[in-house]
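Residue numbers (the working numbering): 41 to 241.
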């Protein structure tokens, strides 16, 4: 199961710390130089681990680690590599990050017993098999925004880090629903004796 990831935001009172990865209260302070407040520089301390992040204007400059959520454990390894690569560059190139997540989504399709050649066809086939509407919307969102990152479109992702970060959460949600939950059900169901199972034709 996954919880809601809260990315670090300027003046955010609470978010997932870029150091310890735990959701915690954040304390903000101005930086001072020779008793003069430096208006564009702020430092933020995590109440959980005590480590700090350095902000210039509304952007985080330290640590340089990504503000995007980590991949779920059940994401297949080949997709996890694309997820991590996208995560490492999201603050510097949201467009490239979205394009990588779209590629990761396409590579996920064979793991869902789809062909993987055409995302539109694969998503439509999953819908025919009873895919929940909310997951279909998540799939389409990653697909469309990822396409716009590669081809000229109506969505400008050049500096849109927040939209890119949202796609990481959506991809995690897709994996949680279609892989993790299915695995959990299969594990519990496998413990039932065959005589207790209700077989249906």
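Virtual Cβ for every residue (Gly too), placed ideally from N, Cα, C. Source: prediction; values computed, not measured.
Could you give the DSSP three-state label for residue 151: helix, strand or coil?
For the purposes of this step, residue 151 is taken as residue 111 along the chain shown, with counting starting at 1. Note: residue 151 maps to helix in three-state DSSP.
Decide if residue 135 is buried, meaning its Cβ has at least 16 other Cβ atoms within 10 Å, or exposed.
On the chain shown, position 95 is the one that residue 135 refers to. Counting Cβ neighbours within 10 Å, residue 135 comes out buried, since at least 16 surround it.
Keeping to the same chain, check which residues put their C-beta closer than 7 Å to that of residue 71; ignore five residues upstream and five downstream.
In the chain shown, counting from the first residue as 1, residue 71 sits at position 31. Excluding sequence neighbours, residue 71 sits near 78, 81, 82, 83.
Examine the Cβ distances between the segment 45 to 58 and the segment 99 to 109 and report whether three or more of them are shorter than 8 Å.
With a cut-off of 8 Å, the segment 99 to 109 and the segment 45 to 58 count as touching, because enough Cβ pairs lie within range.
Got a sec, what are the start and stop residues for the beta strand (DSSP E) residue 46 sits in?
As a working mapping, residue 46 is identified with position 6 in the chain shown. Per DSSP, residue 46 belongs to no beta strand (DSSP E) and is neither H nor E.
Using only CA atoms, which one of 208, 93, 228, 63 lies nearest to residue 128?
In the chain shown, counting from the first residue as 1, residue 128 sits at position 88. Minimum Cα distance to residue 128 is reached at 208.
Could you check where the beta strand (DSSP E) with residue 219 kicks off and where it finishes?
In the chain shown, the residue the question calls residue 219 occupies position 179. Per DSSP, residue 219 belongs to no beta strand (DSSP E) and is neither H nor E.
Around the C-beta of residue 225, are 16 or more other C-beta atoms found within 10 angstroms, so that it is buried, or is it exposed?
For this step, residue 225 is matched to residue 185 along the chain shown. Label assigned to residue 225: exposed.
Hey, which unbroken runs of the beta strand (DSSP E) at 3 residues or more fall wholly within the segment 76 to 106?
The qualifying runs are 76 to 86, 92 to 96, 99 to 102.
Thinking just about the alpha-carbon of each residue, which of 214, 229, 96 is nearest to the one in residue 141?
Taking the chain shown and counting its residues from 1, one reaches residue 141 at position 101. Closest by alpha carbon: 214.
Which residue marks the beginning of the beta strand (DSSP E) containing residue 55, and which one marks its end?
Residue 55 sits at position 15 when you count from the first residue of the chain shown. Residues 54 to 56.
Can you pull the DSSP bridge partners for residue 64?
Taking the chain shown and counting its residues from 1, the one referred to as residue 64 is at position 24. In the DSSP output, where bridge partners are listed per residue, residue 64 has 55.
Measuring only the C-alpha atoms, how far is residue 69 from residue 96?
Taking the first residue of the chain shown as position 1, residue 69 is located at position 29. Taking the first residue of the chain shown as position 1, residue 96 is located at position 56. One C-alpha to the other measures close to 12 Å.
Short of 7 Å in beta carbon distance, which residues of its chain neighbour residue 112, apart from the five on each side in sequence? Order them along the chain.
Start at 1 with the first residue of the chain shown, and residue 112 comes out as number 72. 42, 212, 215, 216, 220, listed in sequence order.
Taking the Cβ atom as the reference point for each residue, do residue 175 and residue 148 lie within a distance shorter than 9 Å?
Position 135 of the chain shown, counting from 1, holds the residue named residue 175. Position 108 of the chain shown, counting from 1, holds the residue named residue 148. No, they are not a contact pair.
By alpha-carbon positions, which one of 60, 181, 88 ends up nearest to residue 67?
Position 27 of the chain shown holds residue 67. The shortest Cα separation from residue 67 among 60, 181, 88 belongs to 88.
Can you list the beta strand (DSSP E) stretches of 3 or more residues lying completely in the segment 128 to 191, in chain order?
None, since the segment 128 to 191 contains no complete beta strand (DSSP E) of that length.
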